[in-house]
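Peer 1:
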Amino acid sequence: MLQRLLMLGLLTAGLAHGGEAPGRTPRPVVEPATAGTQCVAPPEVMRRNHMDFLKHQRDDTVHGGIRGAKFSLKACIDCHANQKTQSVAQEATNFCVSCHAYAAVKIDCFECHTSKARTVAQGAPK
Amino acid sequence: MSRRGFLGVAAAAIGGVMLAPGIQLIEIAQAAAGSGPTPGANPKVRWGMLIDTTKCEPGCNDCVTACNTENGLDPKPTPTSSQWIRKVEIKEIRTGRASSVPVMCQHCAEPPCVDVCPTGASFKRADGIVLVDRHTCIGCRYCVMACPYKARSFVHEPLTEQVPDVPRGKGCVESCTLCVHRIDKGEKTTACAEACSKAGHGAIVFGDLNDPDSEISRRVREIQTTQLRADLKLDPGVRYHGI
Amino acid sequence: MKTATETRNYWLLVALGGLVTAIGLGAAHFMELHGHIVTGMNNQVVWGLPHVFAIFMIVAASGVLNVASIGSVFGQPVYKPRAPLSGLLCVALLAGGLMVLMLDLGRPERLVVAATHYNFTSVFAWNVILYSGMVAIVAVYLWTIFERRFNRYTKAAGLAALVWRFVLTTGTGSIFGFLVARQAYESALLAPLFIVLSFGWGLAVFLVVQAVMYGWNELLLKPEIQRRLARLLGIFIAASLYLVAVHHLTNLYFARQEAFEAFILLGRNGGGVYPLLFWGGYVAVGSVLPLVLLFHPKFGDGRSTLVAAAGVIAGAFAWLYVFIIGGQAFPLEIFPGHVVRSSFADGAVDHYVPSLPELLLGVGGLGVAFVMTVVGVRVLDFLPRDDAAKA
Numbered sequence: 768m769l770q771r772l773l774m775l776g777l778l779t780a781g782l783a784h785g786g787e788a789p790g791r792t793p794r795p796v797v798e799p800a801t802a803g804t805q806c807v808a809p810p811e812v813m814r815r816n817h818m819d820f821l822k823h824q825r826d827d828t829v830h831g832g833i834r835g836a837k838f839s840l841k842a843c844i845d846c847h848a849n850q851k852t853q854s855v856a857q858e859a860t861n862f863c864v865s866c867h868a869y870a871a872v873k874i875d876c877f878e879c880h881t882s883k884a885r886t887v888a889q890g891a892p893k
Numbered sequence: 033m034s035r036r037g038f039l040g041v042a043a044a045a046i047g048g049v050m051l052a053p054g055i056q057l058i059e060i061a062q063a064a065a066g067s068g069p070t071p072g073a074n075p076k077v078r079w080g081m082l083i084d085t086t087k088c089e090p091g092c093n094d095c096v097t098a099c100n101t102e103n104g105l106d107p108k109p110t111p112t113s114s115q116w117i118r119k120v121e122i123k124e125i126r127t128g129r130a131s132s133v134p135v136m137c138q139h140c141a142e143p144p145c146v147d148v149c150p151t152g153a154s155f156k157r158a159d160g161i162v163l164v165d166r167h168t169c170i171g172c173r174y175c176v177m178a179c180p181y182k183a184r185s186f187v188h189e190p191l192t193e194q195v196p197d198v199p200r201g202k203g204c205v206e207s208c209t210l211c212v213h214r215i216d217k218g219e220k221t222t223a224c225a226e227a228c229s230k231a232g233h234g235a236i237v238f239g240d241l242n243d244p245d246s247e248i249s250r251r252v253r254e255i256q257t258t259q260l261r262a263d264l265k266l267d268p269g270v271r272y273h274g275i
Numbered sequence: 064m065k066t067a068t069e070t071r072n073y074w075l076l077v078a079l080g081g082l083v084t085a086i087g088l089g090a091a092h093f094m095e096l097h098g099h100i101v102t103g104m105n106n107q108v109v110w111g112l113p114h115v116f117a118i119f120m121i122v123a124a125s126g127v128l129n130v131a132s133i134g135s136v137f138g139q140p141v142y143k144p145r146a147p148l149s150g151l152l153c154v155a156l157l158a159g160g161l162m163v164l165m166l167d168l169g170r171p172e173r174l175v176v177a178a179t180h181y182n183f184t185s186v187f188a189w190n191v192i193l194y195s196g197m198v199a200i201v202a203v204y205l206w207t208i209f210e211r212r213f214n215r216y217t218k219a220a221g222l223a224a225l226v227w228r229f230v231l232t233t234g235t236g237s238i239f240g241f242l243v244a245r246q247a248y249e250s251a252l253l254a255p256l257f258i259v260l261s262f263g264w265g266l267a268v269f270l271v272v273q274a275v276m277y278g279w280n281e282l283l284l285k286p287e288i289q290r291r292l293a294r295l296l297g298i299f300i301a302a303s304l305y306l307v308a309v310h311h312l313t314n315l316y317f318a319r320q321e322a323f324e325a326f327i328l329l330g331r332n333g334g335g336v337y338p339l340l341f342w343g344g345y346v347a348v349g350s351v352l353p354l355v356l357l358f359h360p361k362f363g364d365g366r367s368t369l370v371a372a373a374g375v376i377a378g379a380f381a382w383l384y385v386f387i388i389g390g391q392a393f394p395l396e397i398f399p400g401h402v403v404r405s406s407f408a409d410g411a412v413d414h415y416v417p418s419l420p421e422l423l424l425g426v427g428g429l430g431v432a433f434v435m436t437v438v439g440v441r442v443l444d445f446l447p448r449d450d451a452a453k454a
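Residue numbers (the working numbering), protein chains in the order written: chain X, 768 to 893; chain R, 33 to 275; chain E, 64 to 454.
1. One question on the structure: do R:Gln-138 and R:Tyr-174 come within less than 7 Å of each other, judged by their Cβ atoms?
2. Give the residues of chain E in contact with R:Lys-119, contact being defined as C-beta atoms less than 7 Å apart.
3. Following the continuous alpha helix (DSSP H) through E:Phe-433, name the residue where it begins and the one where it ends.
4. Quick one: using the 10 Å Cβ neighbour count with 16 as the cut-off for buried, is X:Ala-802 buried or exposed?
5. With respect to the beta strand (DSSP E) encompassing R:Asp-240, which residues constitute its N-terminal and C-terminal limits?
6. Quick check on the burial criterion: 16 or more other C-beta atoms within 10 angstroms. Buried or exposed for E:Tyr-204?
7. In the DSSP assignment, find the unbroken beta strand (DSSP E) run with R:Asp-84 in it and report its ends.
8. Below 9 Å between beta carbons is the criterion; list the residues of the stretch 172-183 of chain R that meet it against any residue of chain E, in chain order.
9. Can the beta-carbon of E:Leu-222 be found closer than 7 Å to that of E:Val-127?
10. Counting contacts by CB-CB distance shorter than 7 Å, is R:Glu-102 in contact with chain E?
11. How many Å lie between X:Glu-878 and E:Leu-174 at the Cα?
12. Residue ranges of each alpha helix (DSSP H) run of no fewer than 4 residues wholly in the stretch 250-303 of chain E, ordered along the chain?
13. Find the nearest neighbour of E:Pro-447 within the set E:Gly-98, E:Val-230, E:His-359, E:Gln-273, judged by alpha-carbon distance.
14. In chain order, which alpha helix (DSSP H) runs of at least 4 residues are fully inside the stretch 89-136 of chain R?
15. Considering just the uninterrupted stretch of the alpha helix (DSSP H) at E:His-97, what are its terminal residues?
16. With distances taken from CA atoms, which of X:Val-796, X:Leu-772, X:Arg-791 is nearest X:Ala-859?
17. Quick check on the burial criterion: 16 or more other C-beta atoms within 10 angstroms. Buried or exposed for E:Ile-121?
18. On the three-state DSSP scale, how would you describe R:Thr-258?
19. Using the C-alpha atoms, what's the distance from R:Ala-42 back to X:Met-768?
20. Less than 7 Å between CB atoms is the rule here; does X:Lys-893 satisfy it with respect to chain R?
21. How far does the alpha helix (DSSP H) with E:Phe-53 in it reach, from first residue to last?
22. Flag this pair as yes or no: are the beta carbons of E:Gly-263 and E:Val-375 separated by less than 7 Å?
23. Is R:Asp-165 close to chain E? Criterion is C-beta to C-beta, closer than 7 Å.
24. Which residues does DSSP list as the beta-bridge partners of X:Phe-877?
25. Where do the ends of the beta strand (DSSP E) carrying R:Val-315 lie?
26. So for R:Tyr-272, helix, strand or coil by DSSP?
27. Leaving aside the five residues before and after E:Asp-167 along the sequence, list all residues of the same chain whose C-beta is less than 6 Å from its C-beta, in chain order.
28. Return helix, strand or coil for E:Arg-404, following the three-state DSSP convention.
29. Does DSSP put E:Lys-218 in a helix, in a strand, or in coil?
30. Starting from E:Phe-393, follow the alpha helix (DSSP H) in both directions and report where the run begins and ends.
31. Determine, using beta carbons only, whether E:Val-385 comes closer than 7 Å to chain R.
32. Need the endpoints of the beta strand (DSSP E) that R:Lys-156 sits in, please.
33. Shortest alpha-carbon distance to E:Glu-396 belongs to which of E:Asp-364, E:Glu-321, E:Ala-177, E:Val-434?
34. So, using beta-carbon positions, are E:Trp-227 and E:Ile-258 closer together than 7 Å?
35. Under 7 Å between C-beta atoms, does X:Cys-843 make it to chain R?
36. Is there a Cβ of chain X sitting closer than 7 Å to that of R:Ala-73, yes or no?
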């Protein structure tokens with residue numbers, strides 16, 4: 768019986784990702800993205816490398832004119848925008864801002880890029 | 033626990049851990065069914081514009097309004113607002129002949145703004161479009177000093193509600209992009225040219241100057257055109273007829 | 064041995080300079096937070112009062128090292144004891160000028176980008192290397208002076224500093240000289256003009272600082288040294304005036320430059336403040352008056368020299384204001400022979416009015432130079448000592 772329970776527990780633990788263990792360390796609120804989608808890379812990879820992916824892609828886009836590639840910022844925002852605010856940076860718990868505030872890494876992306884998803888951003892072609 | 037029991041538990045745990053990424057892969061494949069990346073700037077192309085000022089009415093601002101809407105610019109500009117295209121009303125002093133001329137970044141082949149930019153943020157793309165890479169721009173405004181056409185604007189205040197395809201912000205310099213966000217996606221023309229055609233004036237033609245069969249190439253072969261401040265030998269990609 | 068009063072006075076000066084600098088930094092922060100909309104600058108005049116201060120300081124920094132060059136490279140004995148102070152002022156002015164320039168950027172937080180992305184066709188990019196290199200070379204030069212066993216390298220270091228200085232000031236003049244678009248600039252003459260201007264402005268700053276320090280420390284400058292320095296300043300003023308005159312006379316010869324020259328020199332078309340600053344500021348107060356004070360037999364004493372040097376500095380600010388801002392206020396001529404009008408101020412003269420944050424930032428740069436000089440003179444042996452007698 769105990770063995771079966773242990774097997775079940777380990778199987779579940781293996782399948783579940785991002786399971787938060789309760790502890791004394793405050794964690795950022797990671798809002799779930801649009802239901803039914805999966806990010807273009809695993810969370811662990813993204814957490815460590817998203818800045819490099821974006822930085823490399825932005826040169827391809829601005830200098831090379833390649834739009835809509837794998838790490839398109841607009842595509843990130845479309846999926847990760849909060850349901851209510853439709854933004855990734857408007858409120859303190861929205862996707863980009865919550866982790867960046869937690870890590871105390873200031874980003875200036877949204878001084879130029881709109882943080883709103885494409886369907887609702889003002890001025891977006893309807 | 034027996035040895036077999038332990039091995040069974042370990043196998044189940046490993047199985048769980050290994051299955052999980054596999055399940056993720058299947059979901060990614062289903063999600064990424066949309067279109068792939070665009071091909072990018074083509075070095076064989078040189079984008080340019082032909083503006084027939086004989087078809088421009090003084091007081092008509094269709095091109096300016098279209099540009100403002102497309103790029104999220106200020107519809108009622110102040111001296112510190114960005115203006116990527118403006119209508120300049122000119123009158124020759126000696127003869128009194130008046131014209132109405134839309135002026136924007138001329139997308140020179142030898143752009144002085146690119147020469148003077150200390151970080152290389154102001155650059156000329158492979159297809160001839162002169163752009164500002166706002167990731168690298170430090171806002172020194174040297175390009176604004178260098179441009180002979182007053183094409184560049186400096187963003188003087190924090191901006192919000194940008195158009196998703198046109199990121200722009202405080203402290204950087206910007207100018208007409210020949211609607212590069214549209215062109216890259218395969219659209220055939222800029223917002224200003226489209227608005228001018230739709231309104232029935234037909235004063236602005238956009239196209240590939242390197243393609244001898246394009247409409248713009250045929251027209252510049254037929255009619256007399258001029259480049260602004262041609263004596264500076266910057267070879268702008270924008271040509272004017274009627275001035 | 065420093066007395067209690069001297070120490071107290073020192074700390075008061077540092078506090079004063081520190082306060083001026085802090086206010087300047089606060090103004091820069093205000094500008095960065097709200098954007099340049101809080102300044103008087105707009106899309107026609109993009110370089111305003113901070114640039115006037117910054118370019119004065121940078122050009123004067125290059126010129127103030129002249130005193131050291133004349134001593135170390137050309138071997139004139141009277142200038143040798145003045146070399147250390149000259150070097151200190153060079154670094155201090157350069158630091159102040161660069162601080163103002165960098166804080167006036169639209170995105171000052173991107174300085175790392177400026178240091179790592181280089182477009183070598185840009186004079187600005189070259190200047191980043193030239194300015195930082197100047198500080199390093201002057202530091203090495205000062206070290207060869209202070210470290211007695213390296214004194215034999217002083218001449219070589221001085222020569223390196225001289226050559227670097229010429230390249231640097233040529234670069235500063237070329238920032239404007241390479242701008243083919245604008246009628247105020249686009250001239251090869253601007254590089255040598257800036258070099259000669261640097262000689263005059265640098266020596267004027269040196270004379271003011273020296274006079275103040277000597278007065279503060281109750282030292283007496285020997286009359287023959289004072290007269291020699293005064294005569295040199297006079298020569299530099301005359302040379303500058305000559306090159307400025309040649310620049311304008313040549314422009315007046317070209318029909319296409321006539322409207323711009325009339326705007327600057329006569330105030331035609333709404334250029335009201337520019338002829339005032341040019342003729343009254345640069346020519347009268349900045350050149351003619353100092354020449355009289357320096358060469359007329361009735362004057363020529365220490366006090367006249369100080370007033371003349373102050374006049375040169377005032378004239379420098381006036382000339383730079385006309386050059387930098389007047390050059391932008393006059394509209395670009397995209398359609399020669401036409402009258403033009405648009406929503407983007409085509410054909411219209413811009414009426415730039417400097418704002419308080421800009422002034423505070425510029426003065427903050429002067430504050431940095433001041434603090435660095437005061438601390439330097441206190442901590443190390445920068446004060447010129449040529450058997451100066453106590454007054």
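A virtual CB, placed ideally from N, CA and C, is assigned to each residue, including glycine.
Peer 2: So, from the data block:
1. By one-based count along the second sequence, residue 138 of chain R stands at place 106. By one-based count along the second sequence, residue 174 of chain R stands at place 142. Their beta carbons are not under 7 Å apart, which means R:Gln-138 does not touch R:Tyr-174 by this criterion.
2. To locate residue 119 of chain R, count along the second sequence from 1; it is residue 87. Ser-405, listed in chain order.
3. Locating residue 433 of chain E in the third sequence gives position 370, counting from the first residue. Looking at the DSSP string, the run of the alpha helix (DSSP H) that includes E:Phe-433 is 419-442.
4. Here residue 802 of chain X is taken as the residue at index 35 of the first sequence, counted from 1. That one is exposed.
5. Taking the first residue of the second sequence as position 1, residue 240 of chain R is located at position 208. Start and end: 236-240.
6. Here residue 204 of chain E refers to the residue found at position 141 when the third sequence is read from its first residue. Buried: at least 16 other Cβ atoms inside 10 Å.
7. Translated into the one-based positions of the second sequence, residue 84 of chain R becomes position 52. Looking at the DSSP string, the run of the beta strand (DSSP E) that includes R:Asp-84 is 79-84.
8. Residues Cys-172, Arg-173, Tyr-174, Val-176, Met-177, Ala-178, Cys-179, Pro-180, Tyr-181, Lys-182.
9. Start at 1 with the first residue of the third sequence, and residue 222 of chain E comes out as number 159. Start at 1 with the first residue of the third sequence, and residue 127 of chain E comes out as number 64. It is not a contact, given that the beta carbons lie outside the stated cut-off.
10. Reading the second sequence from its first residue, position 70 is the one you call residue 102 of chain R. No, R:Glu-102 lies away from the interface with chain E (no Cβ there is under 7 Å from its Cβ).
11. Position 111 of the first sequence, counted from the first residue, corresponds to residue 878 of chain X. Position 111 of the third sequence, counted from the first residue, corresponds to residue 174 of chain E. Each residue's alpha carbon lies about 17 Å from the other.
12. Runs of the alpha helix (DSSP H) lying entirely within the stretch 250-303 of chain E, each at least 4 residues long, are 253-279 in chain order.
13. Numbered from 1 along the third sequence, position 384 holds the residue referred to as residue 447 of chain E. With distances taken between Cα atoms, E:Pro-447 lies closest to E:Gln-273.
14. Fully contained in the stretch 89-136 of chain R are the following alpha helix (DSSP H) runs of length 4 or more, in chain order: 94-103.
15. As a first step, residue 97 of chain E must be located in the third sequence, where it is residue number 34. Per DSSP, the continuous alpha helix (DSSP H) segment holding E:His-97 begins and ends at 67-97.
16. Residue mapping note: residue 859 of chain X aligns to position 92 of the first sequence, counting from 1. Nearest of X:Val-796, X:Leu-772, X:Arg-791 to X:Ala-859, Cα basis: X:Val-796.
17. Against the third sequence, residue 121 of chain E aligns to sequence position 58. Label assigned to E:Ile-121: buried.
18. Within the second sequence, numbered from 1, the residue matching residue 258 of chain R stands at position 226. The three-state reading of DSSP puts R:Thr-258 in strand, counting E and B together.
19. What you label residue 768 of chain X is simply residue 1 of the first sequence in a count that begins at 1. What you label residue 42 of chain R is simply residue 10 of the second sequence in a count that begins at 1. X:Met-768 and R:Ala-42: Cα-Cα distance of roughly 16 Å.
20. Along the first sequence, one-based indexing puts residue 893 of chain X at 126. Note that X:Lys-893 has pLDDT 39, beneath the 50 cutoff, so the model's placement of it is unreliable and no number is given.
21. Chain E is shown only over 64 to 454; residue 53 of chain E falls outside these bounds and no answer can be derived.
22. As a first step, residue 263 of chain E must be located in the third sequence, where it is residue number 200. As a first step, residue 375 of chain E must be located in the third sequence, where it is residue number 312. One thing to note: E:Gly-263 has its Cβ within 7 Å of the Cβ of E:Val-375.
23. Sequence index remark: in the second sequence, residue 165 of chain R carries index 133 (1-based). In terms of beta-carbon proximity, R:Asp-165 stays away from the interface with chain E, with every pair separated by 7 Å or more.
24. Taking the first residue of the first sequence as position 1, residue 877 of chain X is located at position 110. BP columns for X:Phe-877 are empty, so no partner.
25. Because chain R spans 33 through 275 in this model, residue 315 of chain R falls outside it and cannot be assessed.
26. Stepping through the second sequence from its first residue, residue 272 of chain R is reached at position 240. Here R:Tyr-272 sits in strand by DSSP.
27. In the third sequence, the residue the question calls residue 167 of chain E occupies position 104. Apart from the 5 residues on each side of it in sequence, E:Asp-167 sits with its Cβ closer than 6 Å to the Cβ of Pro-113 in its chain, given in chain order.
28. Numbered from 1 along the third sequence, position 341 holds the residue referred to as residue 404 of chain E. In this structure, DSSP gives E:Arg-404 an extended state, which the three-state scheme calls strand.
29. Residue 218 of chain E sits at position 155 when you count from the first residue of the third sequence. Residue state, collapsed to three classes: helix.
30. Within the third sequence, the letter at position 330 stands for residue 393 of chain E. Per DSSP, E:Phe-393 is not a residue of any alpha helix (DSSP H), being assigned neither H nor E.
31. Locating residue 385 of chain E in the third sequence gives position 322, where the first residue counts as 1. Using a Cβ-Cβ cut-off of 7 Å, E:Val-385 does not count as an interface residue toward chain R, since no Cβ of chain R sits closer than that to its own.
32. Here residue 156 of chain R refers to the residue found at position 124 when the second sequence is read from its first residue. Counting along the chain, the beta strand (DSSP E) containing R:Lys-156 begins and ends at 154-156.
33. For the purposes of this step, residue 396 of chain E is taken as residue 333 along the third sequence, with counting starting at 1. Of the listed residues, the one whose Cα sits closest to E:Glu-396 is E:Glu-321.
34. Taking the first residue of the third sequence as position 1, residue 227 of chain E is located at position 164. Taking the first residue of the third sequence as position 1, residue 258 of chain E is located at position 195. No.
35. Locating residue 843 of chain X in the first sequence gives position 76, where the first residue counts as 1. Output row for X:Cys-843: interface = no.
36. Locating residue 73 of chain R in the second sequence gives position 41, where the first residue counts as 1. Yes, R:Ala-73 lies at the interface with chain X (some Cβ there is under 7 Å from its Cβ).
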